[in-house]
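So the structure is just underneath, and the comments pick up after that.
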């Protein structure tokens with residue numbers, strides 16, 4: 001009875017829980033991100049960027065609620081700013097280059113400083129171009145950006161705070177010159193990668209295997225769809241036999257309205273109810289009436305109804 005323990009007691013033991021391993025495959029999105037809102041944006045243009053959290057996304061490629069203009073932001077929001085937590089990692093390739101896609105004329109704006117602080121409400125400003133009349137950044141003022149409020153914050157530095165009216169000059173992006181050719185991109189003879197051509201850099205640069213590729217807001221265009229389908233040199237769809245995680249699958253189902261990916265083949269599943277359109281894209285949840293499906297391309301196909309498991 002010497003080993004008998006009376007009362008409540010506890011002890012430390014080795015954990016029996018498995019170690020969570022991060023998958024080496026990744027979802028790749030190609031589109032536009034507000035990299036104009038980060039400092040030193042050159043490294044975020046036509047390069048694969050690995051994102052694991054919402055804060056990292058804001059820091060590395062920027063963020064804006066204007067999803068129509070910045071097409072990568074909705075994917076970022078769905079992956080990282082949701083009730084399920086971080087659904088990742090994800091890889092984004094931004095094809096927007098503020099040095100190219102910008103307005104010809106600079107913007108001038110009078111700022112009113114109060115308590116040494118002024119703001120500019122804008123998500124099109126190119127932060128690297130912002131200057132104040134007769135002032136030096138790093139000496140007289142500092143620049144920051146609030147992604148929640150969508151505004152530039154200018155704070156005074158030094159003993160004397162900035163006051164009154166001061167003119168600010170900056171450039172702004174202009175997407176009127178941005179076309180599907182920027183999304184398609186390619187690889188030049190000199191080894192310059194752009195747009196979907198950067199998919200070839202995903203594994204060499206960050207060691208991830210593209211499992212799914214989407215171009216939110218652009219995949220419904222035939223030329224973009226064809227380029228996207230051949231970006232990896234193999235048929236796109238799922239490059240692996242199943243989703244990496246259930247959470248990632250949920251994110252893609254929610255992205256159905258973003259990706260607008262055409263249905264190109266059907267995959268039978270005993271778990272699928274009769275009357276469902278069976279695909280390996282986020283549109284798999286869509287119901288089918290047996291009529292001809294409307295595909296974003298010129299041609300349409302007749303969907304298949306999986307008959308097994310019919311009640």
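Residue numbers (this note's numbering): 1 to 311. Yeah, the Cβ is synthetic: ideal placement off N, Cα and C, and Gly gets one too.
Can you tell me the Cα-Cα spacing of residue i and residue j, whole angstroms?
i	j	result
residue 141	residue 110	16 Å
residue 50	residue 154	29 Å
residue 178	residue 60	21 Å
residue 56	residue 65	16 Å
residue 158	residue 139	7 Å
residue 105	residue 170	9 Å
residue 168	residue 25	45 Å
residue 7	residue 83	41 Å
residue 149	residue 188	40 Å
residue 205	residue 102	28 Å
residue 219	residue 135	45 Å
residue 226	residue 200	16 Å
Per DSSP, what kind of secondary structure is residue i in: helix, strand or coil?
i	result
residue 179	coil
residue 387	Given that the chain is displayed from residue 1 to residue 311, the structure contains no residue 387 and the question cannot be resolved.
residue 188	coil
residue 20	Its pLDDT being 45, under 50, residue 20 is placed unreliably in this model, and the coordinates cannot settle the point.
residue 146	strand
residue 100	coil
residue 75	helix
residue 36	helix
residue 41	helix
residue 169	strand
residue 216	coil
residue 27	strand
residue 7	coil
residue 69	coil
residue 162	coil
residue 129	helix
residue 239	Note on residue 239: pLDDT 37, under 50, position unreliable in the model; no value is reported.
residue 225	helix
Grab me the residues of residue i's own chain with a C-beta within less than 6 Å of its C-beta, minus the 5 sequence neighbours each way, in chain order.
i	result
residue 54	80 and 81
residue 241	Caution applies to residue 241, whose pLDDT of 31 falls short of 50 and renders its modelled position unreliable; the value that the coordinates give is listed next. So no residue of the chain qualifies.
residue 258	Bear in mind that a pLDDT of 43 at residue 258, under 50, signals an unreliable position, so the model cannot answer this.
residue 194	46 and 185
residue 89	26, 50 and 52
Among the options, whose alpha-carbon lies nearest the alpha-carbon of residue i?
i	options	result
residue 203	28, 188 and 228	28
residue 184	104, 99 and 95	95
residue 172	205, 147 and 108	108
residue 48	231, 219, 58 and 198	198
residue 182	34, 100 and 8	100
residue 229	25, 30 and 7	30
residue 70	208, 144 and 33	33
residue 221	92, 180 and 35	180
CB-CB under 8 Å to residue i, same chain, minus the five flanking residues each way: which ones, in chain order?
i	result
residue 151	119, 120, 121, 122 and 145
residue 86	52, 53, 54, 79 and 80
Please return the same chain residues whose Cβ sits closer than 7 Å to the Cβ of residue i, not counting the five positions on each side in sequence.
i	result
residue 133	166 and 167
I want to see whether chain C comes within less than 9 Å of residue i, judged by CB atoms only; does it?
i	result
residue 208	Note that chain C does not occur in the displayed structure, where there is just one protein chain.
Original post:
At a cut of 8 Å, does the segment 124-131 reach the segment 34-50 through at least three beta carbon pairs?
Top reply: The segment 124-131 makes contact with the segment 34-50; the number of CB pairs closer than 8 Å reaches 3 or more.
Subject >> Three or more C-beta pairs below 8 Å linking the segment 161-170 and the segment 111-119 >> reply: Flag = yes, the segment 161-170 and the segment 111-119 touch.
**OP:** State whether the segment 208-218 contacts the segment 67-84, with contact taken as three or more CB pairs (one from each stretch) at a distance under 8 Å.
**Re:** Under the three-pair Cβ rule at 8 Å, the segment 208-218 counts as touching the segment 67-84.
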